[in-house]
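According to the numbering used here, the sequence shown is numbered sequentially starting from 1. Ideal Cβ placement from N, Cα and C applies to all residues, glycine included. Worksheet for the structure shown next.
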Amino acid sequence: GIRDKLVTGVQTCALPILLYGVGMIHANDVRGNEDTAIPLNIDISPSLGDGPFQISGVPACAVLNKGTDKGNGVWTIMRSDLAGLAITPTLHSDTEFTLTIETTLLTPKVSDTMVVKVDAVANGPNLSVPSGVTVAEATWVSLPISMSLLDTDGSESLGSVEVRSIPSNVWLRNSSGMLTPQIGRAHV
């Protein structure tokens with residue numbers, strides 16, 4: 001009978017296989033300048049749906065350009081928010097931070113983290129000078145010049161102020177004494 005027949009050889013065929021998985025969130029570390037929007041590079045598998053997704057770890061006073069601020073450093077976004085999504089760090093801060101991106105409707109949650117590195121950028125100082133000064137001949141007049149830093153985290157310092165377009169018959173002095181203008185300029 002049938003048991004007596006030996007079958008030899010190998011038959012190969014392609015079978016369609018469907019793999020079902022939970023999906024992934026992939027967030028790449030990013031770098032940008034302080035006080036500017038830094039693009040976020042986040043990819044979310046289509047199998048995870050359209051959202052909402054949660055981003056946590058957003059520093060105080062930092063903002064995303066899309067999504068909804070839920071408070072305490074937590075934002076929600078939808079898949080449609082991913083294109084062009086960016087974060088503007090806290091004003092004048094170059095502090096690195098980590099964001100966590102996760103699903104909100106799945107159990108177990110799917111998540112990934114990304115580091116946002118912020119490069120310091122020097123800011124110009126605040127400078128206040130009078131718009132015009134009336135001077136009587138042969139008298140000293142006080143020039144109320146004041147300057148301060150915009151960024152007060154200690155990463156920047158003030159130097160001197162250069163006064164330009166000084167007529168040749170005008171002299172300047174400061175608390176250290178007389179200043180001699182060089183080609184219509186003096187550093188105060």
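Buried versus exposed call for residue i [16 or more other C-beta atoms within 10 Å across all chains shown]
| i | result |
| --- | --- |
| S93 | buried |
| G32 | buried |
| E137 | exposed |
| V58 | buried |
| L99 | buried |
| W171 | exposed |
| L19 | Caution is warranted here: a pLDDT of 42 is assigned to L19, below 50, making its placement in the model unreliable, and the coordinate value is therefore given only provisionally. The residue is exposed, with fewer than 16 neighbouring Cβ atoms inside 10 Å. |
| G67 | buried |
| P39 | exposed |
| A62 | buried |
| A60 | exposed |
| I101 | buried |
| L106 | exposed |
Range of the contiguous beta strand (DSSP E) that encloses residue i
| i | result |
| --- | --- |
| L172 | L172 to N174 |
| S146 | S146 to S148 |
Bridge-paired residues (DSSP) for residue i
| i | result |
| --- | --- |
| I25 | I44 |
| R31 | K117 |
| I87 | I38 and L64 |
At 3 residues or longer, and completely inside the stretch 47-83: list those beta strand (DSSP E) runs for me, N to C. Annotation: the stretch 47-83 contains the following complete segments of the beta strand (DSSP E) (minimum length 3 residues), in chain order: 53-56, 68-71 and 74-77.
Which residue spans inside the stretch 99-131 form an unbroken beta strand (DSSP E) run of at least 3? Counting whole runs of 3 or more residues, the stretch 99-131 contains the beta strand (DSSP E) stretches 111-119 and 126-128.
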